[in-house]
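Just so it is clear: in the sequence shown, position 13 is 12 by numbering that gives the first Met the number 0, and no numbers are missing.
Cβ coordinates follow ideal geometry from the N, Cα and C atoms, glycine included.
This one's a predicted model, so the numbers in the text were calculated from it and none came from an experiment.
Here is the structure we will look at.
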Amino acid sequence: MKHEFSIARPEGVKELFPGQFQIFSWLDHVVTAPGLITLVTTRKADGRPNACLHAWGMLVGGQEGYSSVLAVSRRGHTYANMVREGQWCVCIPPWRLRQECFATIQCNREDNDEITDAGLTVEEAVVVRAPRIAECPICLECQGAWDHELAAGDGNHIFVGKVIHAAFEASVLVSDLATKLERLELMCSVPCALNPLNGQWSPGMGFAKFSLWEGL
Ligand SMILES: Cc1cc2nc3c(=O)[nH]c(=O)nc-3n(C[C@H](O)[C@H](O)[C@H](O)COP(=O)(O)O)c2cc1C
């Protein structure tokens, strides 16, 4: 049996913190789709490196180009930097660096190098001005193609950028998928779970190491 919902928030569902539903749809907490954790890097207006822990994104595309599609909050540095520079890198960090990844949020200031302050290492990109992160085994250098507000009045903006250069750590360039996943230590975030039938929430959001792989 399926429960059917209109998009209107059910009556008994209340925010966990003020303004939550301006940032996250209540539906996101019922779907609980995992999002790949990346660090989206840009340059601040003064040229200093900026990092944004990011989960609402995807990598897609075929012969006309492999692209990053990113939902970015209009309130952060990343949004302003992307609009100004039109370039960014998508760096994919391993699970063992999750604390440093979160530290990019604590180090989020106007005038600092967020990558170094979070305990990570800035690496120059090859074809874009945005910095890369040395500890990330995959870094994709992107040139902005187009962007658009997600919806009128929504706090998120969608940016699409074509990958124009890619760097891979030698250790992850293997063709055995299980070995590759073990070495990449991909991370996912999962929104905290909401039961829309009674308004109850899980204690916290999930942050998972992607590790279970079963060959088909
Ligand atoms: C698990 C997790 C996922 C996040 N995903 C995104 C995201 O997809 N887009 C975004 O704009 N912010 C996201 N954030 C929030 C940013 O990481 C945070 O606001 C950061 O400080 C923004 O940095 P900036 O001001 O340098 O852009 C996420 C935060 C967490 C903890």
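Taking the alpha-carbon of W145 as reference, which of L69, H28, V29 has the nearest alpha-carbon?
Selected option, being the one with the closest Cα: L69.
Quick check: does the Cβ of W55 come within less than 7 Å of any heavy atom belonging to ligand 1?
W55 Cβ: within cutoff of ligand 1.
Check whether the Cβ of S66 sits closer than 7 Å to any heavy atom of ligand 1, and report yes or no.
No, Cβ of S66 sits at least 7 Å from all heavy atoms of ligand 1.
Please report the Cβ distance between W55 and C141, rounded to the nearest whole angstrom; I am assuming they are in contact, meaning their Cβ atoms lie under 8 Å.
Not a contact, Cβ separation roughly 16 Å.
When DSSP labels each residue in this structure, what does D116 get in the three-state scheme?
Here D116 sits in helix by DSSP.
To the nearest angstrom, report how far apart P92 and I22 are at their CA atoms.
Each residue's alpha carbon lies about 24 Å from the other.
If we call anything under 8 Å between Cβ atoms a contact, is V30 one with P195?
Their beta carbons are not under 8 Å apart, which means V30 does not touch P195 by this criterion.
Measure from the alpha carbon of A124 to the alpha carbon of each residue in P48, S201, P17, then state which is nearest.
Out of P48, S201, P17, P48 has the C-alpha closest to the C-alpha of A124.
If you pair each beta-carbon of the segment 173–185 with each one of the segment 92–105, do three or more pairs fall below 8 Å?
Contact between the segment 173–185 and the segment 92–105 is present, because at least three Cβ pairs lie under 8 Å.
Which first and last residues belong to the beta strand (DSSP E) in which N155 is found?
Where N155 is concerned, the enclosing beta strand (DSSP E) stretches over 155–167.
What is the DSSP secondary structure of V126, counted as helix, strand or coil?
Three-state result, V126: coil.
Have a look at the DSSP bridge pairing and note the partners of P48.
Partner(s): R42.
Could you tell me whether any non-hydrogen atom of ligand 1 is closer than 7 Å to the CB of L52?
It does: the Cβ of L52 is within 7 Å (strictly closer) of some heavy atom of ligand 1.
Flag this pair as touching only if the segment 119–133 and the segment 70–86 have three or more C-beta atom pairs under 8 Å; answer yes or no.
These segments touch.
What is the rounded straight-line gap between the Cα of R97 and the Cα of L119?
One C-alpha to the other measures close to 11 Å.
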